[in-house]
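Sequence positions in the sequence shown follow the working numbering and run 686 to 995. Read the structure below first, then the notes.
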Amino acid sequence: MLPVVVVHAGAGCIPKEQAKVCSSGVRAATRGGYTVLQEGGSAMDAVVEVVTQLENNPLYNAGCGSVLNVKGEIEMDAIVMEGKTLGSGAVSAVRRIANPTQLARLVMDKTSHAFLTAEGASQFARAMGVPEVPEESLITDYARMRWKQNLAPGANPVECQMGKMGTVGAVAVDKDGNVACATSTGGILNQMEGRVGDTPIIGSGGYADNNVGAVSTTGHGEAIMKVTLAKLILFHMEQGQSVEAASDLALAYMKTRVQGLGGVVTVDPHGHWAARFSSNQMVWAAAQTDTLHYGVQTGEHVTQSIDNPH
Ligand code: GLY
């Protein structure tokens, strides 16, 4: 069954015309992560490769393409975690860098800390030689248009937030049975300056433990944090639930307990995997045993050869 990589690019309401192109980008990134695993790379290498590719794609709400905060600026959050050591790295409210996930990995690899925020994270990025990029290069016309729309009198912020929750993330298991997760986001549309959601919060935006499995989450951050969604799924798996049942139980709890919608990708160390969501849609893909699986709508599950470029 090993290795495997499972990827999401956000849960919410994805306009029909965007679903196809969003799925194509997620499949390409999933293939990239699977190649890393096939070439003997670690689960951590694979998830960072996947999420870096998605951060570099302006279609998704992470890196270039991030939504704008209320001031029309970009603040990004990311987390990585590896299941062998329970080592993790996270950054929040970072500005003017292309790949927050790579910075989160540097926090894990090069510091004795687990989480750096705002200006301190930027200083660390400079010390690590991470290039600073102009903020304009991360802002798409689409993000600016939606920010302006949402400032208009009478705009419904909640509806707008549901329209694009393209947080991106991945989980993987490598040939040695090590699990890892990575999650990255621009947050929610027109969020307050300094607002940090679930993504960089250990146990909410992601968690990885070789004894149980790994999870990356997407959806409404305030709800996800209330139920520590990633850790809740792993709790159900520890109680004997399958990856699929554990994911569904936790998502159902979040829906009934705090009226929160979202989606998750989950693996166990044997390579069982699930991509589940309580929102209308979630763009997801998985690669295992040279087969690519993908879907957007509930119940949709298409398979094709990993070599098929379409
Ligand atoms: N799930 C991303 C956020 O709420 O910030």
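Here a beta-carbon is modelled for each residue, glycine too, at the ideal position from N, C-alpha and C.
Let me check understanding here. Comparing Cα to Cα, which of the options lies closest to residue i?
i    : options                   : result
G925 : A908, A937 and V897       : V897
R790 : L753, W969, A971 and A865 : A865
V858 : A803, N754 and T951       : T951
G748 : T802, G717 and S822       : S822
G805 : S777, T786 and Y827       : S777
N835 : V752, D975, L934 and V981 : V752
L771 : E724, H955 and M729       : M729
Q787 : L744, T825, V735 and K769 : V735
I991 : V765, A694 and S709       : S709
Y979 : E923, M877 and V711       : V711
Just to check, is the beta-carbon of residue i closer than 7 Å to a non-hydrogen atom of ligand 1?
i     : result
G906  : yes
T974  : no
G1056 : Since the first residue of the chain shown is 686 and the last is 995, residue 1056 is not available in this structure.
G851  : no
G891  : no
I909  : yes
D861  : no
T983  : no
I873  : yes
T870  : yes
Short of 8 Å in beta carbon distance, which residues of its chain neighbour residue i, apart from the five on each side in sequence? Order them along the chain.
i    : result
A731 : P688, V690, G718, Y719, V721, L722, A855, A857, D859 and A865
Q966 : A696, G697, C698, I699, A704, V981, Q982 and T983
Starting from the C-beta of residue i, find all residues in its chain whose C-beta is less than 7 Å away, skip the five residues before and the five after it, and write them out in chain order.
i    : result
N784 : T737, E740 and G748
E929 : A959 and R961
S964 : A696, G697, G904, L946, G947 and G948
G848 : Note that G848 scores a pLDDT of 46, beneath 50, so its modelled location is shaky; the value from the coordinates is reported in the next line. Cβ neighbours of G848 beyond the five flanking positions: G697 and C698.
I759 : S751, L753, R780, E820, L823, I824 and G871
P885 : D762, A763, I764, A775, V776, S777 and F800
A714 : V692, V735, Q738 and L739
K795 : M813
G768 : N863, V864, A865, A893, D894, N895 and A899
Excluding the five sequence neighbours on either side, which residues of its own chain have a C-beta within less than 6 Å of the C-beta of residue i, listed in chain order?
i    : result
G882 : G872 and G906
C845 : With a pLDDT of only 42 at C845, under the threshold of 50, the placement of this residue in the model should not be trusted; the figure read from the coordinates follows. Same-chain partners within the cutoff: N835 and L874.
Q973 : V689
K911 : V943
G629 : Nothing can be reported for residue 629, as the shown portion of the chain is limited to 686 through 995.
The alpha helix (DSSP H) with residue i in it runs from where to where?
i    : result
L644 : An answer regarding residue 644 cannot be provided, because it is not within the stretch 686 to 995 covered by the chain.
E929 : V928 to V943
T737 : A728 to E740
V881 : Element bounds for V881: n/a, residue is neither H nor E.
Could you pull the start and end residues of the beta strand (DSSP E) that residue i belongs to?
i    : result
Y979 : T976 to Q982
E985 : Taken as a continuous stretch (DSSP letters only), E985 belongs to no beta strand (DSSP E), as it is neither H nor E.
Check whether chain C comes within 8 Å of residue i, counting only Cβ atoms and requiring the distance to be less than that.
i    : result
T737 : Checking the listed chains, one finds no chain C in this structure; it contains a single protein chain.
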